[in-house]
Amino acid sequence: MSTTQDSPKPTKPKAARKKKVAARKATARKAPARSKPVEKPVSVLIVGAGFAGLGMAIRLKQAGIEDFIILERGNAVGGTWRDNQYPGAACDIPSNLYSYSFAPNPNWSRSFSGSEEILDYVHHLVAEFELEKHIRFEQNVAELRFDEKQGIWTATTDSNNTFTGRAAVMAQGPLANCSFPSITGIEDYKGKKIHSARWDHDYDFAGKNVAVIGTGASGIQIIPELVKVAKHVKVFQRTPGWVMPRPDFATPEWNKLLFRKLPASQQAMRDLLYWSHESMALAVIWNSPLTRIAERIGKWHLRRQVKDRWLRRQLTPDFTIGCKRVLISNDYYPALQKENAKLITWPIARISEKGIRTVEGIEHQVDCIVFATGFDVSNAGTPFPVIGRDGRVMGDEWKGGAQAYKSINVSGYPNLFLTFGPNSGPGHNSALVYMESQLEYALKGVRKIVGEDLKVLDVRKDVQQRYNKAIQKRLARTNWNSGCKSWYLTEDGYNATMYPGFATQYAAQMADFKEDDYETA
Amino acid sequence: MASIDLDKMLEKIKSTQWALSDIDWDAPGAELITEEQWPKLKEFMADLMWIEHVGARAFAALAKKAPTDTLREIYTYFHAEEQRHANAEMALMRRWGMLEGDELPEPNINLRIVIEWLDRYADEMPVYVLGTVVPMLEIALDGALCTFLLDTVKDPVCHQAFEKINDDESRHLGVGFTVMEMQGRSASYIKMAQMMARVMDPRLILGIASYMPLLNKMRDNVIAMGLPEEKLYKAMQKFERIGGRTEEGRRNPWFQLIKQHGRWVTNRSNRVYHVPVDALVKVTGMVPRKALPAVPSWVKELTYEPTTTR
Ligand SMILES: Cc1cc2nc3c(=O)[nH]c(=O)nc-3n(C[C@H](O)[C@H](O)[C@H](O)COP(=O)(O)OP(=O)(O)OC[C@H]3O[C@@H](n4cnc5c(N)ncnc54)[C@H](O)[C@@H]3O)c2cc1C
Ligand SMILES: [Fe+2]
Ligand SMILES: [Fe+2]
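So the protein lines, in turn, are chains E and R. Residues 8 to 528 (this note's numbering) are what the first sequence spells out, left to right. Residues 637 to 946 (this note's numbering) are what the second sequence spells out, left to right.
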């Protein structure tokens, strides 16, 4: 890793965006950063002010628990959607499903909203539920430590501030840390380097020769936008993904009105979307006849949009659909065929002072390299040390791959709840659907700790082991474990990321909080 | 060349990459090409460059069919490396003033047929067909011809380029023979049967029909350049020697087939083979270019320019 960029700097927005962002910052900045340790532990300590952390906060408030704080390393809320402001950034799950059911937004302007609109929704959540006063900005948690005698979690930040809570929620995001990839010679490059998740809005692409490395979810959104403005765009692809058509359209006014006047209609829409995504699990998660149909749709989309046989070959995936994240786009393939764009599939040999050298011996000289190379996922460790009972360290225990009980608790780390924990990732449905059931579960746990004044609520080791044995057995039969390399798997091919089942199954498992599964004190 | 550890090989490949810009294509020495040499060299280089390019395409097909991730990645690199050879050879041609109006040299008709075949059918061939044919081509046409070339051309830049090319080639051969042995190890009667069925496959017959005249055509080229054809044959016998070194290698049915073919090629007195194939060379030489479809777009990725902004 050459440069770690895990503390996002405030982006300097262009004039057009300035006002909006200034307004956002005003709300964001209100709460002063505290430097003294809080005397009395709060009930809940939350790490991260993205969808997960804020959602937890809202549910706590709705349940009447007010003494919690959120520690956020950035200077604004929003997580993923604050950081991923690259041109073309948008969700790929319909907005009506990629939002919280307890805070519906009737005004989504499109079926798949852009990053800005999603960020506005997050800000709206903060305002509506009066969360600002709970947030401590610029507090980068460097360690979480449990004191068993007192039953208290202490978060220590990188500037040595400490915060304490009886329960803790880790909501630091699954895709929050990024760095430039370790390609030989990257430090020699004299041109501009931009990471998709840390966009530089001041850089003007007009008239520039640009390289984009990576053709995953972010890459395929950025490329069509860059092709519109840059002089020339070279796209460096390692593995082509499955690209499906994207049923994107603007929401008509009558529809927004209907949702406003008749919230039940929006719930009905959400249900419809939910069940249509649920059915996609059959294609994406397991290898079934539906998988073949999905692959046919992908191939049809490619054939329809790409006429050249060789280009089509270059873009044809060689793995079962669903093994990696399924991409959706209508404008990616056409963008690659524009006069000023070119797809390069030669492997990268190194980066040089002026550009990228590929193995066919040619140096592709560019003014700017955009790295759409994804995130540093910790599927075999934790992003900062988490220390539990008797000084055990979660990262060490997870060396062979992360493990938890129902993705949310880890034995030996009492009163701690993980959002987006091990094996909680959906391949076919909205992450927020999964998140909601995690939040409910955590809420039950917190209520028990606070209500019964527990010092320790720790999931039993044997229960956790049994759970994981079953889940790994089920994973072995999924497309994710069918042989392709992806960020879902650890180096050794262990799947610590995805949940092998329907969202409905996951929700059912999370709705059931069994006290017997826990040891209490 | 014992069987090699493919994972280590992949690491080595990655860490020993070179680029066209590592060579100064304007350095002195171009004048060492004699006037007498020039026209034949031009034709020879054009063929050589196309063979590299065709080899590249064959590796691309192998990458699709590779049985393991490591091999897939190795073949992906080899695909690009063969392209690099073609690019470097074009850069040499340009240095020697052999490119007309900076255009791609015209491939000879046998090559055009092979290109066509590769474009249509290569991806569908099972890995052990191309996995055996490619090492043969590499030894006979690529590796061997390069050595001949260096014997006659004095230009130091040419030597510099081929030193790098040959380093790549030795790795290609190492992997090629290892894979042949791997296939031999698992060869069973079932595979034999499958193979025989394959031989009947019209797509394969087409491939063979375009491969055989190619070898004979190259032999003609070599002789035209004043190089003894025994050298070419010696190189082809090397294929037999290395490929048949181990029991596994010998057990690979494709090795047996290609080896047998190599024997026919190198035995000029085998009229049963040479008369029809030479005739085929002549016939294909008469195919009007217009009869062939447009070149596939992968051909257009060739370039002699070490750096590019487009
Ligand atoms: C480009 C992109 C598109 C996506 N599209 C979709 C989609 O369409 N559908 C879908 O379901 N999912 C999508 N996702 C996944 C997305 O990450 C989740 O849906 C969701 O936004 C995650 O929310 P979170 O709160 O868990 O994490 P985040 O939004 O990442 O929030 C984590 C917060 O924690 C903070 N933090 C991190 N470490 C620390 C620390 N040590 N101390 C203090 N604070 C810290 C971060 O600054 C951040 O604000 C997408 C992700 C990306 C990157
Ligand atoms: Fe070569
Ligand atoms: Fe080769």
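Beta carbons are placed, not taken as given, at the ideal position from N, Cα and C, and that holds for glycine.
7 Å Cβ shell around residue i - same chain, five flanking residues per side excluded
| i | result |
| --- | --- |
| residue 333 of chain E | 249, 251, 291 |
| residue 516 of chain E | 413 |
| residue 492 of chain E | none |
| residue 946 of chain R | none |
| residue 195 of chain E | 358, 359, 360 |
| residue 647 of chain R | none |
| residue 512 of chain E | none |
| residue 272 of chain E | 265, 266 |
When the options are compared against residue i, the one with the closest alpha-carbon
| i | options | result |
| --- | --- | --- |
| residue 379 of chain E | E/224, E/289, E/450, E/373 | E/224 |
| residue 745 of chain R | R/941, R/850, R/706, R/859 | R/850 |
| residue 728 of chain R | R/754, R/679, R/760 | R/679 |
| residue 214 of chain E | E/148, E/63, E/368, E/375 | E/375 |
| residue 900 of chain R | R/808, R/872, R/770 | R/872 |
| residue 158 of chain E | E/218, E/164, E/459 | E/459 |
| residue 140 of chain E | E/270, E/475, E/84, E/499 | E/84 |
| residue 79 of chain E | E/128, E/303, E/147 | E/147 |
| residue 178 of chain E | E/201, E/70, E/189, E/57 | E/57 |
| residue 507 of chain E | E/155, E/486, E/121 | E/486 |
| residue 930 of chain R | E/95, E/316, E/373 | E/316 |
| residue 345 of chain E | E/86, E/242, E/63 | E/242 |
| residue 681 of chain R | R/917, R/726, R/783 | R/726 |
| residue 302 of chain E | E/64, E/427, E/285, E/323 | E/323 |
| residue 447 of chain E | E/514, E/494, E/481 | E/514 |
Buried or exposed (CB count within 10 angstroms, at least 16 for buried), residue i
| i | result |
| --- | --- |
| residue 895 of chain R | buried |
| residue 52 of chain E | buried |
| residue 109 of chain E | exposed |
| residue 860 of chain R | exposed |
| residue 702 of chain R | buried |
| residue 652 of chain R | exposed |
| residue 490 of chain E | exposed |
| residue 853 of chain R | buried |
| residue 857 of chain R | buried |
| residue 131 of chain E | exposed |
| residue 168 of chain E | buried |
| residue 739 of chain R | exposed |
| residue 915 of chain R | exposed |
| residue 264 of chain E | exposed |
| residue 102 of chain E | buried |
CB contact flag (residue i, residue j, <8 Å)
| i | j | result |
| --- | --- | --- |
| residue 377 of chain E | residue 203 of chain E | yes |
| residue 75 of chain E | residue 49 of chain E | yes |
| residue 478 of chain E | residue 153 of chain E | no |
| residue 796 of chain R | residue 640 of chain R | no |
| residue 409 of chain E | residue 387 of chain E | yes |
| residue 339 of chain E | residue 227 of chain E | yes |
| residue 401 of chain E | residue 59 of chain E | no |
| residue 812 of chain R | residue 750 of chain R | no |
| residue 760 of chain R | residue 805 of chain R | no |
| residue 294 of chain E | residue 327 of chain E | yes |
| residue 711 of chain R | residue 649 of chain R | no |
| residue 201 of chain E | residue 210 of chain E | yes |
| residue 802 of chain R | residue 940 of chain R | no |
Beta-carbon proximity list for residue i, same chain, < 8 Å, skipping 5 on both sides
| i | result |
| --- | --- |
| residue 310 of chain E | 319 |
| residue 36 of chain E | Since pLDDT at residue 36 of chain E reaches only 44, below the 50 mark, its modelled position is unreliable, and the value read off the structure follows with that caveat. Closer than 8 Å at Cβ, skipping near neighbours: 82, 144. |
Whole-angstrom C-beta distance between residue j and residue i, which should lie under 8 Å
| i | j | result |
| --- | --- | --- |
| residue 736 of chain R | residue 688 of chain R | Contact flag wrong, Cβ pair sits at about 20 Å. |
| residue 655 of chain R | residue 694 of chain R | Wrong, their Cβ atoms sit about 23 Å apart, outside the cutoff. |
| residue 424 of chain E | residue 452 of chain E | 6 Å |
| residue 943 of chain R | residue 370 of chain E | 4 Å |
| residue 466 of chain E | residue 525 of chain E | 6 Å |
| residue 176 of chain E | residue 449 of chain E | 6 Å |
| residue 122 of chain E | residue 96 of chain E | 4 Å |
Residues near residue i by beta carbon distance below 6 Å, same chain, minus five either side
| i | result |
| --- | --- |
| residue 267 of chain E | 113 |
| residue 389 of chain E | 401, 402 |
| residue 240 of chain E | 217, 233, 234, 348 |
| residue 765 of chain R | none |
| residue 335 of chain E | 99, 251, 253 |
| residue 416 of chain E | 466 |
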